[in-house]
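Participant: Let me begin by handing over the structure; questions about it come next.
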Amino acid sequence: MKSVIFSIAIILTAITALAQMDVPAVGFNPRATISEEVGITSITVNYSRPGIKGREGKIWGGVVANGFGTFNFLTNTMSSPWRAGANQATVISFEHDVKVEGSNIKAGSYALFMAMGKDTVTIIFSRQTEAWGSFYYKPEYDVVRVRVKPLPLEKSVEWLKYEFTGHEEGKCVLAMQWERLSVPFTIEVDVNNIVVARLREELTGAKGFLSANNLQASAFCFDKGINMEEALNWAQRAVTGRPFAQSGFDSYQNLAYGYGKLNRLSQADSVMDEGLSIANINQYLGYNKALIAAKRSDRAVKIMLAAKVKYGDVYAVNNGLSYAYAAKGDYTRAIEFASKALEQAGSVQSKTTISANIEKLKAGKDINQ
């Protein structure tokens, strides 16, 4: 009975505080917010931070009751979970749909409650976001319940906190930590589909008129290997779209990259041939390296011979040809062009590298490996 009276006294004090102007948090339980993005999805927790305040060893099973052991004013029984913080309900917000411990949760804000246990904690996501604590908890407002294993902490945490403790692509671990206990739970986000949906939405607006935006959106999809056909359309718009297309080399290269990912090499080559008409020597060399890495040495030789016609008998071209012919297995021609590059090299470091390449080629070894 004493505990019930004490709880009522706390509530009355809190209500009085709510009727006043902006003042510090009730009971000196500081308000806090933590937020992080997984992909482009923001995850935010708003909570208040109770302190141990000399109660070390008396928090779990004492200050915080186990299970559904908090007083509920609706039932006049100890039937509510813990509010996982202090004062008003702890609220967690998801910008997009997520999964928590494998359970689906729609985008939105939820009160976060916990039914504590020595070996298992039940985490409850509830629609009661405006509640003061969990004193008026109604299970019918529960959206999802998940069960997790609490973990011990080596160092005591004086003031309760929420912390993002783990990060992987498409997921994070969020943990409530207080005293010597941590309650972690995993949040997963379908990053790729969320990003594609956002890109699609943005490109139907004013942003879609800019070549750079179409290039960036398509490049994201190409790198991930997702939404490829629509991404090809975006990449094509970056090259030829009106009114703000900028047919720079990067746009051609990106479109060709997309065709290449789909193994449509003839289309990729055709686009690159067009792009090379405006390429500088460094872009020729970069393409040469990409072709060698893709095991397309015949194409690499062809491209570097075209560069020789365009730029002449210069160091960069001859050095590039040495790598292209080496990839093809024609070490005689590779040595020929490497020797020319050696004569034209301007730095000691370049001469040293090319000399080593020549010796390697003479030994019948590919300098690309």
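Mind the numbering: the sequence shown is residues 863 to 1231 in this note's numbering, read in order. Virtual Cβ for every residue (Gly too), placed ideally from N, Cα, C.
1. Please go through the same chain and pick out, in chain order, the residues whose beta-carbon is closer than 8 Å to the beta-carbon of residue 1090, but skip the five residues on each side of it.
2. Determine, using beta carbons only, whether residue 956 and residue 941 come nearer to each other than 8 Å.
3. If you reduce the DSSP assignment to three classes, tell me which class residue 1039 lands in.
4. Measure the C-alpha to C-alpha separation of residue 1165 and residue 1229 and round it to an integer number of angstroms.
5. Can you check whether the CB of residue 1163 is closer than 8 Å to the CB of residue 1206?
6. Please list the terminal residues of the continuous alpha helix (DSSP H) segment that includes residue 1065.
7. Determine the DSSP secondary structure at residue 1033, reduced to helix, strand or coil.
8. Between which two residues does the beta strand (DSSP E) holding residue 1004 run?
9. Please classify residue 1220 as buried or exposed, where buried requires at least 16 neighbouring CB atoms within 10 angstroms.
10. Assuming residue 966 and residue 891 are in contact, meaning their beta carbons sit under 8 Å apart, how far apart are those beta carbons, in whole angstroms?
11. With distances taken Cα to Cα, identify the nearest neighbour of residue 971 among 987, 920, 963 and 964.
12. If contact is defined by three or more beta carbon pairs under 8 Å, each pair taking one atom from either stretch, is the region 902 to 922 in contact with the region 1050 to 1066?
13. Residue 1059 and residue 1077 look like a contact to me (Cβ under 8 Å); what is the Cβ gap, rounded to whole Å?
14. Taking buried to mean at least 16 other C-beta atoms within 10 Å of its own C-beta, is residue 1197 buried or exposed?
15. Using only the alpha-carbon positions, how far apart do residue 1208 and residue 1080 sit?
16. So, are the CB atoms of residue 1153 and residue 1133 less than 8 Å apart?
17. Excluding the 5 residues preceding and the 5 following residue 960 in the sequence, name in chain order all residues of the same chain whose CB lies nearer than 6 Å to its CB.
18. Would you list the residues sitting across from residue 893 in a DSSP beta bridge?
19. Relative to the C-alpha of residue 995, which residue among 907, 1223, 1142 and 973 is closest?
20. Just the Cα atoms here: how many angstroms apart are residue 1158 and residue 1216?
21. Quick check: residue 947 and residue 910, are their CB atoms within less than 8 Å of each other?
22. Please tell me whether residue 975 and residue 934 are closer than 8 Å, where the distance is taken between their beta carbons.
23. Quick one: is residue 1039 buried, meaning 16 or more other Cβ sit within 10 Å of its Cβ, or exposed?
24. Can you check the region 1092 to 1127 for any alpha helix (DSSP H) of at least 4 residues that lies completely inside it and give the ranges in chain order?
25. Could you check the C-alpha separation between residue 1192 and residue 1180 for me, to the nearest Å?
26. Specify the secondary structure class of residue 1185 as computed by DSSP and reduced to three states.
27. Ordered along the chain, which non-local residues of its own chain (more than five positions away) have a Cβ less than 7 Å from that of residue 917?
28. Under the assumption that residue 1008 contacts residue 1047 (Cβ atoms under 8 Å), give the Cβ distance between them as a whole number of angstroms.
29. Rounded to whole angstroms, what is the Cα-Cα separation between residue 1223 and residue 1167?
30. Using the DSSP secondary-structure output, state which residues sit across from residue 1134 in a beta bridge.
31. Can you name, in chain order, every residue of its own chain whose Cβ lies under 6 Å from the Cβ of residue 1227, other than the five neighbours on each side?
32. Taking the alpha-carbon positions, what's the residue 1021 to residue 1086 distance?
33. Where does residue 1143 sit, in a helix, a strand or coil, going by DSSP?
34. For the alpha helix (DSSP H) holding residue 1202, just list the boundary residues, first then last.
35. Between residue 1010 and residue 985, how many whole angstroms is the CB-CB distance? I'm expecting something under 8 Å.
36. Whole angstroms are fine: how far does the CA of residue 1030 sit from the CA of residue 1062?
Facilitator: Answer, in terms of the structure:
1. 1083, 1084, 1120, 1123 and 1124
2. no
3. Three-state result, residue 1039: strand.
4. 19 Å
5. Cβ atoms of residue 1206 and residue 1163: not closer than 8 Å.
6. 1053 to 1065
7. strand
8. Counting along the chain, residue 1004 sits inside the beta strand (DSSP E) bounded by residues 1004 to 1010.
9. buried
10. With a Cβ gap of about 32 Å, residue 966 and residue 891 do not count as contacting.
11. 987
12. They touch, by the three-pair rule.
13. In fact, because the Cβ distance is near 19 Å, the residues do not count as touching under 8 Å.
14. buried
15. Answer to the nearest angstrom: the Cα atoms are 39 Å apart.
16. no
17. 967, 1049 and 1051
18. Note: residue 893 sits in a beta bridge opposite 910.
19. The residue with the shortest Cα to Cα distance from residue 995 is 973.
20. 23 Å
21. yes
22. no
23. buried
24. 1111 to 1123
25. In this structure, the straight-line span from the alpha carbon of residue 1192 to that of residue 1180 is close to 14 Å.
26. helix
27. 925
28. 7 Å
29. 20 Å
30. Partner(s): none; residue 1134 has no beta bridge.
31. Answer for residue 1227: no residue qualifies.
32. Taking C-alpha positions only, residue 1021 is separated from residue 1086 by approximately 41 Å.
33. helix
34. Residue range 1193 to 1206 is occupied by the alpha helix (DSSP H) that includes residue 1202.
35. 6 Å
36. 25 Å
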